[in-house]
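Trainee:
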Amino acid sequence: MKEVITHTIEILQKSKDFEVTISLLEERNNVSIYNINFSSETPFQPQEVTFKWKIPAVNAKGVWKPTTDFAKRIMDDWELDHMESRISVDSPVISLFGHDDTNTITFACSDAINTKKLNALYREEDNCIYCHISFFTERHHSITDYNAQLRIDQRHQHFSESLKDVGKWWESFENLTPAKVPELAKTPVYSTWYQFHQKLDTDYLIEECKIAATLGYELIILDDGWQTKDENRGYDYTGDWYPERIPEMKNFIEDIHETGMKLALWYSVPFCGKKSKAYQKFKGKFLTEEHRWAPVFDPRYPEVRAYLISLYVNALIEWKIDGFKLDFIDEFKVYPSTKLTKEDGRDYSSVNLAVDRLMTDIIGSLHAINPEVVVEFRQKYTGPAMRKYGNMFRAFDCPGDSVMNRVRITDIKMLCGDTAVHSDMFTYHKKEPLEIKALQIVNTLFGVPQLSILLQEASSEELSMINFYTHYWRNHSEIFLKGKFTPQQPLANYPILKSSSDTHTIIGLYNNYVVDFSEKTDKIDIINGQLATKIVLSSEENYGAYLCTVYDCMGKKISESTLMILIGAIQIKVPVCGLIRLEKNPKL
């Protein structure tokens, strides 16, 4: 008999100025979809409304949120630090997973634009998990009607499958249709940031690009510094975006193109430094002037949006660049001094809706010139709404932290469908042993690798290592990007990742765990992303003979032998950050 899940959802409402209703739209296979409506015959200023329900805390190990990083433990109901989601911060979804990585409950909201808070908390009095989603948790302009959907999934399946289904559900809404992902968005990237910061040297960069192209990199992101000679890592001079450091920008980009590389430019979209000409021009048209870095443009002014769009359109036309890294989108938000009215020339009262309009117009204008243009966003602005405008989502900055890079790639990847997920730029100290340097790149492989290394100063062994794993990624990018992706043990920071096609499985092992072998494909690769020099496989079936080839981190073949995988355990010797390839051989 099919199990039916019903939810007793409590509505907690402070204001009586508007009516709030929730009704069941659909219930199928333990997935329930509810319609939520706020309405009034006269305009009302919405106040916070919370929808709350509970489930027994049965098989509850941890709570997954879009950017909790290492903090996926269960929180108690007296911990009041709730997750906030809005157009440019996180995604309105939470997943409670079990001790076997199965889904206990995953709930999500269709409104990815407006600000809300979510949580799933443990109550010790009754040993239940209390789930809630709160709407209009920040000041909001007056409205007459509001509608959203709440999706609750309690199917018994891997939690990552429930999250992937949420991503597909969001895609079904017309206002959340993802942007096209061009091939350039799915290629490895060289970034200037960690090695150059604002001290960019064009001649040096051209030589870097020549080497990067031979290693399998196709795009360079020219980060902060191209627009100013100021080297204080501040934002006082943002806003004008004149290439002060590289005045012959068009010629420089032509030189980059001749190396075989494409180029994207960095822009800090919201910031308008007080030392810029734009600051004087747009005085009074900022969301705040009290930001610790720089005043923040107010996108509710049509002239502000037009100015920002013109910057990117002109760069695309005049300099022939290939893409953009549009940064700090999350700083477009309601500040204490922000007036939420449509007056003084503002054509929007809502900041979130104005951001949606700005980003929609930016990507529409760019696509009209070059449909293949790439646009990168980084966490936390990697939610379903941001998929409408960006086609590259990058893990938030974690220089030298291979584990965090892997975790952040994985967390983004489960929700964002075909949008290309990029690693943060891997980097390392030049005195690190080669095998430990390799840890940085092997932890990026289930995303698109980005690096920030001075290649002209790298040893031949380093270049061989980068070349081997970058080309390995390129040769198997379809599996990494489109294969069936299964991350294991989120509370242990995903020590085992797996992606597979119909014929080929790739397993990344990042800690000293036994790999449960249950692969049906004829080809299996195991990446040894740890310092241990052995991998242990455990099988509950007799799989028979495989040709086992072992490589080191530079791609040198270490050994080749016949391996029998039978019921029980077997140990394979492999170098640090090496690779094992298992292939079914009908002759054996």
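Numbering (the working numbering), first residue to last: 70 to 657.
From the three backbone atoms N, C-alpha and C, an ideal C-beta is built for every residue, glycine too.
Keep in mind that this is a model prediction, so the values were computed, not measured.
What's the C-alpha gap between P257 and D86?
Mentor: 53 Å
Trainee: Excluding the 5 residues preceding and the 5 following D145 in the sequence, name in chain order all residues of the same chain whose CB lies nearer than 8 Å to its CB.
Mentor: L190, Y191, R192 and E193
Trainee: Since I believe C178 is in contact with I202 (beta carbons under 8 Å), could you give me their beta-carbon distance rounded to a whole number of angstroms?
Mentor: Confirmed, Cβ separation roughly 6 Å.
Trainee: Using only CA atoms, which one of G414, T90, I522 and L514 lies nearest to G552?
Mentor: L514
Trainee: Hey, quick one: how far does the beta strand (DSSP E) through G329 stretch, first residue to last?
Mentor: Here G329 belongs to no beta strand (DSSP E), and DSSP marks it neither H nor E.
Trainee: If you draw a straight line from the C-alpha of E441 to the C-alpha of E252, how long is it?
Mentor: 8 Å
Trainee: So, helix, strand or coil for E358, using DSSP?
Mentor: coil
Trainee: Measure the alpha-carbon distance for M623 versus L532 and round it to whole angstroms.
Mentor: 9 Å
Trainee: With C-beta atoms as the reference, is Y620 less than 8 Å away from I634?
Mentor: no
Trainee: Is DSSP giving D272 helix, strand or coil here?
Mentor: Of the three classes helix, strand and coil, the one that applies to D272 here is helix, per DSSP.
Trainee: Quick one: what does DSSP say E313 is sitting in, helix, strand or coil?
Mentor: coil
Trainee: Check for me: the beta strand (DSSP E) holding T631 runs from which residue to which?
Mentor: Its beta strand (DSSP E) spans residues K626 to I634.
Trainee: Can you give me the Cβ contacts of K298 inside the same chain, cut-off strictly under 6 Å, excluding the 5 residues immediately before and after it?
Mentor: E313 and R314
Trainee: Distance check for W310 and K354, CA to CA, integer angstroms please.
Mentor: 18 Å
Trainee: How about I649 and I604: do their beta carbons lie closer than 8 Å?
Mentor: yes
Trainee: Quickly, what does DSSP pair R477 with across the bridge? List them, please.
Mentor: Note: R477 sits in no beta bridge, so no partner.
Trainee: Considering only residues of the same chain and omitting the five flanking positions on each side of K237, which have a CB-CB separation below 8 Å?
Mentor: Answer for K237: G486, listed in chain order.
Trainee: With DSSP as the reference, please indicate the residues paired to K346 in a beta bridge.
Mentor: In DSSP, K346 forms no bridge with anything.
Trainee: Which term fits I290, buried or exposed, when burial requires 16 or more other beta carbons within 10 angstroms of its beta carbon?
Mentor: buried
Trainee: Straight-line CA distance for L657 to E276?
Mentor: Annotation note: pLDDT 44 at L657 (below 50); position unreliable, no value reported.
Trainee: Nearest-angstrom Cα distance between F228 and T175?
Mentor: 8 Å
Trainee: Between the beta-carbon of V373 and the beta-carbon of P339, is there less than 8 Å?
Mentor: no
Trainee: Any heavy atom of the ligand COA closer than 7 Å to the beta-carbon of L232?
Mentor: This structure simply doesn't include the ligand COA, nor any ligand for that matter.
Trainee: Which word fits P502, buried or exposed, when buried means at least 16 other C-beta atoms lie within 10 angstroms of its C-beta?
Mentor: exposed
Trainee: Express the C-alpha separation of C341 and V583 in angstroms, rounding to a whole number.
Mentor: 52 Å
Trainee: May I have a chain-ordered list of the beta strand (DSSP E) segments no shorter than 3 residues that lie completely inside the region 146 to 219?
Mentor: 152 to 154, 162 to 166, 172 to 178, 185 to 192 and 197 to 204
Trainee: Counting only runs that start and end within the region 385 to 452, where is the beta strand (DSSP E) found for 3 or more residues in a row?
Mentor: Fully enclosed beta strand (DSSP E) runs of 3 or longer: 392 to 396 and 443 to 447.
Trainee: Alpha carbon to alpha carbon, how far is Q296 from E117? Give it in angstroms, no decimals.
Mentor: Between E117 and Q296, the C-alpha separation is close to 43 Å.
Trainee: Measuring straight from C-alpha to C-alpha, what distance separates W542 and A527?
Mentor: 20 Å
Trainee: Using three-state DSSP, classify D324 as helix, strand or coil.
Mentor: helix
Trainee: Residue range of the beta strand (DSSP E) that G613 falls in?
Mentor: First-last of the beta strand (DSSP E) with G613: G613 to Y620.
Trainee: In the structure shown, what three-state DSSP assignment does E72 receive?
Mentor: Caution is warranted here: a pLDDT of 42 is assigned to E72, below 50, making its placement in the model unreliable, and the coordinate value is therefore given only provisionally. E72 falls in the coil class under three-state DSSP.
Trainee: How close, in whole Å, do the beta carbons of L658 and S418 come, if the pair is a contact with beta carbons under 8 Å?
Mentor: Residue coverage of the chain in this structure runs from 70 to 657, which leaves residue 658 outside it and unanswerable.
Trainee: Mind checking whether K331 and E287 have CB atoms under 8 Å apart?
Mentor: yes
Trainee: Would you identify the three-state DSSP class for K85, choosing helix, strand or coil?
Mentor: coil
Trainee: For F242, does the count of other Cβ atoms within 10 angstroms reach 16, so buried, or fall short, so exposed?
Mentor: exposed
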